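Participant: Sequential numbering of the sequence shown, starting at 116, is according to our numbering.
Ideal placement from N, C-alpha and C gives every residue a C-beta, glycine not left out.
Since the structure is predicted, the reported quantities are computational estimates derived from the model, not experimental observations.
Okay, handing you the structure first.
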Amino acid sequence: MTQVRKRQTWQNTAPQQKRPAGAERTGHLGREIVGTLLADYPGPVAVRLWDGSLVSGGGGCDCTLVFNRPQPLRELIIHRDLVRLGEAYLAGEVDVEGNMESLFGLAPYLERLQLDLETRISLWHKAWQLPARRERSARRRRRALRRARQNSRDSIAHHYDVGNDFYRLWLDPEMVYSCAYFRHPEQSLAEAQRDKLDYICRKLRLQPGQKLLDIGCGWGALLLRAARHYGVQAHGITLSEQQYQHARERIRAEGLEGRVQVELLDYRELPQEARYDRVVSVGMFEHVGVSNLPEYFSTVYRVLRPGGLFLNHGITNDSGWLDTPLTRFVNQYVFPDGELTRISHVCTAMEEAGFELLDVESLRRHYALTLRHWVRALSERREAAVRACGERIYRIWRLYMAGSAYYFEEGSINVYQVLAGQHCQPLATPLRRDDLVLSDPLS
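Here it is as structure tokens:
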């Protein structure tokens, strides 16, 4: 009886025009299924079905999940796999209107939902009566992406070589694709990204004439700023052809050919004799793989001169890379070789490679703010994004970045800057951190 009363708090409305009997029946089944699923749901998400009917709570909804066809709802009940719902969104069978970040609060509710046997059987029976889809090509896509995971260059190309024109639509003018550093939530993304670049340079205590290595240098923003404002000789490596070409063009345009060099190179291919005063890696080590962290950190240790500093900026999580709907979706559609681990595991791997940890800082809230800027800019430039790379890519990035913003805000994923020096070597840092306080932004 309690469940029935709660279910009545949801408002079920449908257009009044006459419809074929089949459409009326599927709409009726859909409303009953959604009403049962969301009977106890207190969040801000409403659901609109293929017949135009709306299932909503008592108000305050800032997000609407739209089922354009009944098949995705059928699969959600029968297979209980949220990855299929994500795939339906990519295919345009499901849409999301309003604040997509709110949608991700629905996932833990559905995962925790406990229904008695009679209700589960009733839901399954109703879902079975909805139209089924034809066999989709998801299996072939998964096989292709598993092949991509076997080759690091292919994996990087899958994500970063979508096209510079696409990224330019929603990144800041410097093309920085990593967490910004905000003075306050209202600060512009462009200023916050410049602050982040300066913050990294200050943490590394860069001095004129030093040699800096940037592993996974992206489109070259940090290399150029370090050379231009801190006087270093900067060397960047990347596996993305399009990032490499863009960085080279910027180096030539700014007349920095003698001070900045960028190469298409895997960190494992760095020459044995290569040595640097400072090494930095921003948003790259998530691609390394947990099993490869010892090799990664040992390589950095080898190329770092005694007394040098290394800053690793990367995403972690609170559980390790478990098999969940979220991780499956990310590996299938976004990062074929992406893998996160706990910050404790990262720190242990660095220490085992010979590093002494000097500073560990969480920038989790800054990444939530950054991602919201990106999602807003991408959504506002939807038509241009679709022209640049197609509807599917636009949907992948919108879904991925909105979900990431939710989980950074919620706290299950994080981003840390870890500053380290070599164990038992002179330290290049002052006794206090006063020099890290940012003054007015550099021009």
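Can you tell me whether residue 544 is helix, strand or coil according to DSSP?
Facilitator: Three-state result, residue 544: coil.
Participant: From residue 444 to residue 332, what does the alpha carbon distance come to, in whole angstroms?
Facilitator: Residue 444 and residue 332: Cα-Cα distance of roughly 26 Å.
Participant: For residue 545, which option in 218, 473, 520 has the closest C-alpha, if you only look at C-alpha atoms?
Facilitator: Closest by alpha carbon: 473.
Participant: So residue 427 is in the alpha helix (DSSP H); what residue range does that whole segment cover?
Facilitator: Counting along the chain, residue 427 falls outside any alpha helix (DSSP H), though it belongs to the beta strand (DSSP E) covering 419 to 432.
Participant: Should residue 239 and residue 315 be called a contact, given that it needs their Cβ atoms to be closer than 8 Å?
Facilitator: Not closer than 8 Å, so no.
Participant: Grab the span of the alpha helix (DSSP H) containing residue 281 for me, first residue to last.
Facilitator: Counting along the chain, the alpha helix (DSSP H) containing residue 281 begins and ends at 279 to 283.
Participant: Can you list, in chain order, the residues of its chain whose CB lies under 8 Å from that of residue 537, leaving out five sequence neighbours each side?
Facilitator: If we look at residue 537 and ignore the five residues flanking it on each side, its Cβ neighbours are 416, 419, 421, 422, 423, 469, 470, 471.
Participant: Please report the distance separating the alpha-carbon of residue 564 from that of residue 176.
Facilitator: What the structure shows of the chain is the stretch from 116 to 558, and residue 564 is not part of that stretch, so it cannot be assessed.
Participant: Determine the direct distance from the alpha carbon of residue 292 to that of residue 548, and round the result to whole angstroms.
Facilitator: If I take the Cα positions, the gap works out to 26 Å.
Participant: What did DSSP end up calling residue 256 once you bin it into helix, strand or coil?
Facilitator: Per-residue confidence for residue 256 stands at a pLDDT of 48, beneath the threshold of 50, marking its modelled position as unreliable; the derived number appears in the next sentence. If DSSP states are grouped into helix, strand and coil, residue 256 belongs with the helices.
Participant: I'd like to know whether the C-beta of residue 199 is nearer than 8 Å to at least one C-beta of chain C.
Facilitator: Among the protein chains of the structure shown there is no chain C, as only one such chain exists.
Participant: Residues bridged to residue 511 by DSSP?
Facilitator: The partner list for residue 511 (beta bridge, DSSP) is empty, contrary to what the question assumes.
Participant: Which value, in whole angstroms, describes the spacing of the CA atoms of residue 367 and residue 196?
Facilitator: Answer to the nearest angstrom: the Cα atoms are 49 Å apart.
Participant: Quick check: the Cα distance between residue 392 and residue 448, rounded to an integer number of angstroms?
Facilitator: C-alpha separation (whole angstroms): 37 Å.
Participant: Going by DSSP in three states, residue 357 sits in which element: helix, strand or coil?
Facilitator: Here residue 357 sits in helix by DSSP.
Participant: By DSSP, does residue 445 sit in helix, in strand, or in coil?
Facilitator: Helix, per DSSP.
Participant: Bridge partners for residue 161 per DSSP, in chain order?
Facilitator: Bridge partners of residue 161: 179.
Participant: What does the alpha-carbon distance come out to for the pair residue 457 and residue 430?
Facilitator: Those two C-alpha atoms are separated by around 9 Å.
Participant: Do you know how far the Cα of residue 479 is from the Cα of residue 510?
Facilitator: If you take the alpha carbons of residue 510 and residue 479, they lie about 24 Å apart.
Participant: Go through its chain and collect everything with a Cβ distance to residue 285's Cβ below 7 Å, but skip five positions before and after it.
Facilitator: The answer, listed in chain order, is 489, 492, 493, 496.
Participant: Between the stretch 208 to 223 and the stretch 153 to 163, can you find at least three pairs of beta-carbon atoms closer than 8 Å?
Facilitator: The answer is yes - the stretch 208 to 223 touches the stretch 153 to 163, with three or more Cβ pairs under 8 Å.
Participant: Are residue 379 and residue 359 closer than 8 Å when you measure CB to CB?
Facilitator: Yes; because the gap between Cβ atoms is below 8 Å, this pair is in contact.
Participant: Rounded C-beta distance between residue 564 and residue 467? I'm assuming under 8 Å.
Facilitator: No answer is possible for residue 564: it lies beyond the span of the chain, which begins at 116 and ends at 558.
Participant: What first and last residue would you give for the beta strand (DSSP E) that runs through residue 208?
Facilitator: Looking at the DSSP string, residue 208 is not in any beta strand (DSSP E), and its letter there is neither H nor E.
Participant: Looking at the structure shown, is residue 370 part of a helix, part of a strand, or coil, going by DSSP?
Facilitator: Looking at residue 370 - three-state DSSP - the assignment turns out to be coil, as it is neither helix nor strand.
Participant: If you drop the 5 nearest sequence neighbours on each side, which residues of the same chain put their C-beta closer than 6 Å to that of residue 533?
Facilitator: Closer than 6 Å at the Cβ level, and outside the excluded window around residue 533, lie 427, 475.
Participant: Where are the beta strand (DSSP E) runs, 3 residues long or more, that stay fully inside the stretch 290 to 368, in chain order?
Facilitator: Whole beta strand (DSSP E) segments, 3+ residues: 326 to 330, 348 to 353.
Participant: Tell me whether residue 303 is buried or exposed, calling it buried when 16 or more other Cβ atoms sit within 10 Å of its Cβ.
Facilitator: Answer is exposed; the Cβ neighbour count stays below 16.
Participant: Please state whether the Cβ-Cβ distance between residue 209 and residue 223 is less than 8 Å.
Facilitator: No, Cβ-Cβ distance for residue 209 and residue 223 is not below 8 Å.
Participant: Would you kindly report the start and end of the unbroken beta strand (DSSP E) that includes residue 535?
Facilitator: Here the beta strand (DSSP E) through residue 535 covers 528 to 537.
Participant: Take the Cβ of residue 330 as the centre, count every other Cβ of all protein chains shown within 10 Å, and call the residue buried at 16 or more, exposed below.
Facilitator: Classification for residue 330: buried.
Participant: Report the three-state DSSP secondary structure of residue 376 (helix, strand or coil).
Facilitator: Of the three classes helix, strand and coil, the one that applies to residue 376 here is strand, per DSSP.
Participant: Should residue 374 and residue 342 be called a contact, given that it needs their Cβ atoms to be closer than 8 Å?
Facilitator: It is a contact, given that the beta carbons lie within the stated cut-off.
Participant: By the 10 Å Cβ neighbour count, where 16 or more other Cβ atoms means buried, how is residue 334 classified, buried or exposed?
Facilitator: Buried: at least 16 other Cβ atoms inside 10 Å.
Participant: In angstroms, rounded to a whole number, what distance separates the CA positions of residue 551 and residue 522?
Facilitator: If you take the alpha carbons of residue 551 and residue 522, they lie about 28 Å apart.
Participant: Short of 8 Å in beta carbon distance, which residues of its chain neighbour residue 247, apart from the five on each side in sequence? Order them along the chain.
Facilitator: Counting only Cβ-Cβ distances below 8 Å, and skipping sequence neighbours, we find 186, 189.
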